[in-house]
């Protein structure tokens, strides 16, 4: 016995440690669950952390209303399989209540509106710790964020004033009204996530694998037809063999052409790709050089 | 495939960002859209060359000022290992951020500009690496192209550093002459320095042996959380969840519970609901025992004949991390050590260490931001600790200011107060 752990075993142990630490030290944690692969892996790590107990906290879906049917079907199936408690925070409700105004025009997105819905749900449920599936390799502002990310009364992140974070000693102290965003899979890369999915045989929404879909090409991305997507002049839908690398709002998340139909095939594709997943597929990240930092300051995921 | 955590220290001027950029680029870990974004911004700013620092300096304030303020984490992998780089700032005013990045590192790379030799900053970085017990240190003597790949320059810097570092506690130091800009000895052996017989940086970090750096001798299991399923299927299950902080545990092993002192034997070690045959650091598992003993978070499982020190009086080296207040005798803080949280009173401030000269300033009034000193603490409850030199997990703690809730101090235990 050589007492060595693989990369995935080390990451898994670190994530489980973080998740248990939160369950032990916070009163009301909650785990953000979008049905995207990162939140699915995070949820599986949480299940492992507490087995044979059930998850000691609820999961929450911030629902933009612009969903992929396959993802909602997957979400509901997962909730029932693992006997989870689920809270749905709806962007449509925030719009109906006048908390946010819908963007107008064919390029309108509900991406930014989610922040208000999320913060309102954190406040009304009195959550003091919110698990997010963000990874540091995704984006340069995320590369700077701590595992325990302190948020003030307004849910804001202050990147210039982060708490030092040493060893595996996490400081979750906060006052009432403040909360901590916790990122247990900070150190995982896209490839790690896929290798783990393959190794543990983790079920994902079917749109992560190659399928035929009616799409239009916009800004170098392939957008799937969706009731909420308004076509621009000259956009002609066509059928393509695609898969999604990320799952977000259906109007702003692009598909990539791919014939990868299994986790193993996706791993080969990810290992060879030369474009980041967010760069390839997310309209919301193309806003500006500091798009993510600005949104995170406001309280975004 | 193993995971290796690296910390890099140095300023932009030393070529640190260029080095990281090259490691990422040559290992195909920089993506086209990231490179295009950097090229675009470099051009807008009027930089003469593509500024790879923009890849890691992700915050608006860092881009504006052209400096690294906080740790950035970068990831790359070769067929042999996966690497996490904690890219830490070099400036003295961000020492606390360097300490953050260095605390979990297996290996530190300290960059030196071959034209300037060992500077105050290089000494500070090496000292912090030794203080935090990073097991492996690489002194990367960079910009060799600007000194005509001169062996004498390299030897002089190496000798000077060795002489100084002999006063530090570093077990493994390697010296690599390189040019990050030209690619000499970064990924491939350089043809410009035939006199250098060592390996390239990438080869070195792929091969350096890290498995023996962990403590496999002293079993320590701080209890994090108690698993009680409250379901018919697992009616009597009581699992103690936690992360191994040293040693090896197997089913059947006799264990002692601290602070109660009760003993029992391990019934099972479970992971994700399945029994496994052993646990060692840093595995996160659940342990069940053959006897019903009252155990809760903050307790520790160890071996009856191999126990940590148990006590309320602790001597430690402290790195102070806030400008809002100084560390002085009589101050009180919350202390977080393994899974225990208590309060601590500063009983004594013995000395402050001048990082550059390693001179001890005896009996200072206080320790301020980014300063390091030796103190004695008294805690409200006993801690179960080991010397930080022996075990980084059971030898480290943080101090938290109870009014602001921020982390103000990083502590490395030297031993019980005599």
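Residue numbers (my numbering), protein chains in the order written: chain B, 66 to 366; chain U, 191 to 608. Cβ coordinates follow ideal geometry from the N, Cα and C atoms, glycine included. Predicted model, so just to flag it, every value in this text is computed and none were measured.
At least three beta-carbon pairs within less than 8 angstroms, the stretch 303–317 of chain U to the stretch 347–359 of chain U: The stretch 303–317 of chain U vs the stretch 347–359 of chain U: in contact.
Residue 215 (chain U): first and last residue of the uninterrupted alpha helix (DSSP H) it sits in: That run of the alpha helix (DSSP H) goes 206–216.
Please identify the residue among U:196, U:218, U:209, U:287 whose C-alpha is closest to the C-alpha of residue 598 (chain U). Measuring from the Cα of residue 598 (chain U), the nearest candidate turns out to be U:287.
Please compile the residues from chain B whose C-beta is within a distance smaller than 7 angstroms of the C-beta of residue 283 (chain U). Neighbours of residue 283 (chain U) on chain B: none; closest Cβ ~12 angstroms, over 7 angstroms.
So within the stretch 403–482 of chain U, which uninterrupted beta strand (DSSP E) runs reach at least 3 residues, ignoring any that extend past its ends? For the stretch 403–482 of chain U, whole beta strand (DSSP E) runs of length 3 or above, ordered along the chain, are 411–417, 429–433, 444–448, 453–461, 464–466, 474–479.
Run through DSSP, which three-state label would residue 265 (chain B) get? Helix at residue 265 (chain B).
Buried versus exposed, by CB contacts within 10 Å (16 or more), residue 230 (chain B): With 16 or more other Cβ atoms inside 10 Å of its own Cβ, residue 230 (chain B) counts as buried.
Residues of the stretch 265–283 of chain B with Cβ closer than 8 angstroms to any Cβ of chain U, in chain order: Answer in chain order: no residues at all.
Compare the C-beta of residue 252 (chain B) with all C-beta atoms of chain U and state if any pair is closer than 7 angstroms. It does; some Cβ of chain U falls within 7 angstroms.
Alpha carbon of residue 144 (chain B) to alpha carbon of residue 182 (chain B), nearest angstrom: Cα-Cα distance, rounded: 21 angstroms.
Just mark residue 565 (chain U) as buried or exposed, buried being the case when its beta carbon has 16 or more other beta carbons within 10 Å. The C-beta of residue 565 (chain U) has 16 or more other C-beta atoms within 10 Å across all chains shown, which makes the residue buried.
Between the Cα of residue 382 (chain U) and those of U:389, U:374, U:388, spot the shortest distance and give me the residue it belongs to. Comparing Cα-Cα distances from residue 382 (chain U) to each of U:389, U:374, U:388, the minimum goes to U:374.
Where does residue 485 (chain U) fall in DSSP's three states? Looking at residue 485 (chain U) - three-state DSSP - the assignment turns out to be coil, as it is neither helix nor strand.
Anything in chain B within Cβ reach of residue 414 (chain U), meaning under 8 angstroms, just list it in chain order. Result: 82, 85, 86, 89.
In terms of DSSP beta bridges, what is residue 244 (chain B) paired with? Looking at the DSSP assignment, residue 244 (chain B) forms a beta bridge with B:216.
Other residues of its chain near residue 216 (chain U): CB distance less than 6 angstroms, five sequence neighbours each side excluded: Once the five neighbours on either side are set aside, the close Cβ partners of residue 216 (chain U) are 377.
Consider the Cβ of residue 318 (chain B): report whether some Cβ of chain U lies at a distance smaller than 7 angstroms. Not one chain U Cβ lies under 7 angstroms of residue 318 (chain B).
Enumerated in chain order, which unbroken segments of the alpha helix (DSSP H) with a length of 4 residues or greater are wholly contained in the stretch 101–130 of chain B? Fully enclosed alpha helix (DSSP H) runs of 4 or longer: 102–115.
Of the residues U:483, U:442, U:427, which one's Cα is nearest the Cα of residue 468 (chain U)? It is U:442 whose Cα lies nearest to the Cα of residue 468 (chain U).
Please confirm whether residue 595 (chain U) has its beta-carbon closer than 7 angstroms to some beta-carbon of chain B. At least one chain B Cβ lies under 7 angstroms of residue 595 (chain U).
Beta-carbon spacing of residue 180 (chain B), residue 313 (chain B) below 7 angstroms: Contact flag unset, no.
What would DSSP say about residue 93 (chain B), mapped onto helix, strand or coil? If DSSP states are grouped into helix, strand and coil, residue 93 (chain B) belongs with coil.
Given 8 angstroms, three or more beta-carbon pairs between the stretch 531–548 of chain U and the stretch 418–425 of chain U: In short, these stretches do not touch, since the Cβ pair count stays below three.
Using CA coordinates, which residue listed in B:223, B:236, B:77, B:193 is at the minimum distance from residue 261 (chain B)? Residue nearest to residue 261 (chain B) within the set B:223, B:236, B:77, B:193 is B:77 (criterion: CA-CA distance).
Along the chain, where does the beta strand (DSSP E) containing residue 576 (chain U) start, and where does it finish? Element bounds for residue 576 (chain U): n/a, residue is neither H nor E.
Compute the Euclidean distance between the alpha carbons of residue 168 (chain B) and residue 283 (chain B), then round it to the nearest angstrom. Taking the CA atoms as reference points, residue 168 (chain B) sits about 18 angstroms from residue 283 (chain B).
Hey, is the stretch 237–246 of chain B in contact with the stretch 261–276 of chain B, meaning 3+ C-beta pairs nearer than 8 angstroms? Contact fails: fewer than three Cβ-Cβ distances are below 8 angstroms.
Delimiting residues of the beta strand (DSSP E) encompassing residue 552 (chain U): 550–552 is the extent of the beta strand (DSSP E) around residue 552 (chain U).
Alpha carbon of residue 267 (chain U) to alpha carbon of residue 219 (chain U), nearest angstrom: C-alpha separation (whole angstroms): 8 angstroms.
Can you name the residues of chain U whose CB is closer than 9 angstroms to the CB of residue 118 (chain B)? The contacting residues are 417, 418, 419, 420, 421, 424, 427, 429.
Taking 8 angstroms as the cut-off, does the stretch 210–224 of chain B touch the stretch 265–279 of chain B (at least 3 CB pairs, one atom from each stretch)? The stretch 265–279 of chain B, when compared against the stretch 210–224 of chain B, does not touch it at the 8 angstroms Cβ threshold.
Check residue 274 (chain B) in the structure and name its three-state DSSP category. In this structure, DSSP gives residue 274 (chain B) a state outside helix and strand, which the three-state scheme calls coil.
Kindly indicate the opening and closing residues of the beta strand (DSSP E) around residue 597 (chain U). 597–606 is the span of the beta strand (DSSP E), which, as asked, contains residue 597 (chain U).
Taking C-alpha atoms, which residue in U:455, U:474, U:420, U:453 lies nearest to residue 436 (chain U)? Comparing Cα-Cα distances from residue 436 (chain U) to each of U:455, U:474, U:420, U:453, the minimum goes to U:474.
Distance check for residue 394 (chain U) and residue 352 (chain B), CA to CA, integer angstroms please. Note that residue 352 (chain B) scores 49 on pLDDT, short of 50, meaning its location in the model is unreliable; the coordinates nonetheless yield the value given after this. Residue 352 (chain B) and residue 394 (chain U) have their alpha carbons spaced roughly 40 angstroms apart.
For residue 272 (chain U), the residue or residues it bridges with in DSSP: Residue pairing by DSSP places residue 272 (chain U) opposite U:193, U:267 in a beta bridge.
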